[in-house]
Amino acid sequence: MKKVRKAVFPVAGLGTRFLPATKAIPKEMLTVVDKPVIQYVVDEAREAGIEHFIFVTGRNKGVIEDHFDLQFELYDTLAQRGKDDQLAHLQRLQPGPGQTSFTRQQVPLGLGHAVWCARDLVGDEPFALLLPDMIMQADKSCLKAMVDLYAETGNNIIAVQECDPAESHKYGIVGRGKDVHTGFEITGMVEKPEAGTAPSNLYINGRYILQPEIFKVLEGQERGAGNEIQLTDAMLKLEKQQPFFGYHYQGRTFDCGSPEGFIEANVAFALWRADLHESMSATIEALLDEIQPLERRAAAR
Numbered sequence: 034m035k036k037v038r039k040a041v042f043p044v045a046g047l048g049t050r051f052l053p054a055t056k057a058i059p060k061e062m063l064t065v066v067d068k069p070v071i072q073y074v075v076d077e078a079r080e081a082g083i084e085h086f087i088f089v090t091g092r093n094k095g096v097i098e099d100h101f102d103l104q105f106e107l108y109d110t111l112a113q114r115g116k117d118d119q120l121a122h123l124q125r126l127q128p129g130p131g132q133t134s135f136t137r138q139q140v141p142l143g144l145g146h147a148v149w150c151a152r153d154l155v156g157d158e159p160f161a162l163l164l165p166d167m168i169m170q171a172d173k174s175c176l177k178a179m180v181d182l183y184a185e186t187g188n189n190i191i192a193v194q195e196c197d198p199a200e201s202h203k204y205g206i207v208g209r210g211k212d213v214h215t216g217f218e219i220t221g222m223v224e225k226p227e228a229g230t231a232p233s234n235l236y237i238n239g240r241y242i243l244q245p246e247i248f249k250v251l252e253g254q255e256r257g258a259g260n261e262i263q264l265t266d267a268m269l270k271l272e273k274q275q276p277f278f279g280y281h282y283q284g285r286t287f288d289c290g291s292p293e294g295f296i297e298a299n300v301a302f303a304l305w306r307a308d309l310h311e312s313m314s315a316t317i318e319a320l321l322d323e324i325q326p327l328e329r330r331a332a333a334r
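So this is what it looks like as structure tokens:
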């Protein structure tokens with residue numbers, strides 16, 4: 034069994050739901066409290082023991098590469114001003130030389146195509162896939178727990194969590210089989226099942242460990258929903274050859290690809306910090322009492 038050393042981050046999306054903010058800034062670089070969204074996801078991968086970070090990018094995403102590069106002028110300025118704590122914090126977040134790679138998707142053909150674009154950088158190894166829109170809040174990294182499960186089971190691991198059964202038609206849903214170590218056997222997968230037909234209420238939450246054979250499947254994968262190459266379609270084919278296991282994640286997940294999820298993440302991570310919890314709690318309570326939606330205010334006039 035090969036160690037999971039590499040992680041793929043598909044960051045080529047346009048972020049149209051955040052326009053005009055994302056007109057010049059990648060959505061992955063929007064900040065949750067004081068860190069870009071992509072930094073949270075990379076930190077999760079690093080905590081899980083990932084050694085090589087592979088970014089599948091598109092046009093106007095160069096700032097992501099710059100973010101994970103050394104900034105000598107900034108580091109030198111912090112050192113000269115005696116801001117050792119800030120400097121040490123930045124250095125801890127800094128990947129080492131050769132630990133980051135970047136490749137272009139070039140055409141927006143879906144998640145499956147983005148993963149396939151990383152094939153030569155991943156090579157013949159199992160790899161983690163982390164969707165950068167989804168950031169996690171838990172005492173133990175979701176991916177770290179998945180790597181631990183992989184060490185016991187091998188093969189492919191998908192993280193899932195519960196959703197309202199009435200909302201199952203919005204997600205990729207898995208069927209749950211017998212328990213295995215800290216996970217369970219996946220008995221099937223379906224993308225956005227029709228109401229009342231879902232095999233469970235466990236939805237795929239954006240974290241995967243996949244075997245390299247997925248690339249061969251993706252190479253011949255036809256376009257599916259949205260006229261895009263869907264990763265779920267490829268996993269369904271690979272499932273006929275290799276087992277898939279599920280990890281039932283119990284923490285919080287925030288979909289920062291939507292304005293609502295992004296705002297929720299900012300509030301949740303601010304409240305999670307000891308230096309911000311008290312002041313933010315009071316501020317949020319005060320704002321709830323004082324502020325009404327503009328439409329309601331206009332109607333009251």
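Numbering-wise (my numbering), the sequence shown opens with residue 34 and increments by one.
Backbone N, C-alpha and C fix where the C-beta goes; we use that ideal spot for every residue, glycine too.
In terms of alpha-carbon separation, which member of the options lies closest to residue i?
i	options	result
valine 82	Gln132, Gly239 and Ala267	Checking the sequence shown, residue 82 turns out to be glycine, not valine. Answer by Cα proximity: Gln132.
threonine 64	Ala298, Gly187 and Asp172	Ala298
cysteine 196	Gly156, Val148, Thr286 and Gln127	Thr286
arginine 137	Leu107, Ala178, Phe88 and Ser291	Phe88
histidine 281	Phe86, Lys94, Pro159 and Ser174	Ser174
glutamate 77	Ile97, Val148, Asp99 and Ala40	Ala40
glutamine 283	Glu318, Met179 and Glu311	Met179
glutamate 80	Arg240, Leu176 and Leu111	Leu176
isoleucine 317	Pro326, Leu154, Val300 and Leu142	Val300
To which residues of the same chain is residue i closer than 8 Å at the C-beta, ignoring the five residues directly before and after it?
i	result
aspartate 181	Thr215
glutamine 274	Glu246
methionine 62	Pro69, Val70, Ile71, Val96, Ile97 and His100
Using C-beta distances below 7 Å, list every residue in its chain close to residue i, excluding the 5 sequence neighbours before and after it, in chain order.
i	result
valine 74	Phe42, Leu163, Pro165 and Ile168
aspartate 288	Asp166, Met167 and Gly294
lysine 270	Val250
glutamine 72	Leu126
glycine 208	Ile219, Thr220, Gly221, Pro232 and Ser233
glutamate 158	Lys35, Arg38, Lys39 and Pro245
valine 213	Thr186 and Phe278
Taking its Cβ as the centre, do 16 or more other Cβ atoms sit within 10 Å of residue i, making it buried, or is it exposed?
i	result
alanine 57	exposed
aspartate 266	buried
valine 250	buried
alanine 45	buried
valine 148	buried
lysine 60	buried
arginine 240	buried
So residue i packs on residue j, CB below 8 Å; how close in whole Å?
i	j	result
asparagine 189	isoleucine 237	The pair is not a contact, with the Cβ atoms about 12 Å apart (cut-off 8 Å).
Counting only the same chain and skipping the five closest in sequence on each side, list residues whose C-beta sits under 6 Å from that of residue i.
i	result
phenylalanine 225	Strictly speaking, residue 225 in this sequence is lysine, with phenylalanine absent from that position. These residues qualify, in order along the chain: His202.
Only counting runs of 4 or more residues, tell me where the alpha helix (DSSP H) segments fall wholly within the stretch 232-305, in order along the chain. Correct list: 246-252, 264-271 and 292-305.
Give, in chain order, every unbroken run of the alpha helix (DSSP H) that is at least 4 residues long and sits entirely within the stretch 75-153. Complete alpha helix (DSSP H) runs here, min 4: 95-100, 105-113, 117-126 and 144-149.
Which runs of the alpha helix (DSSP H), 4 residues or longer, sit entirely within the stretch 167-198? The qualifying runs are 175-186.
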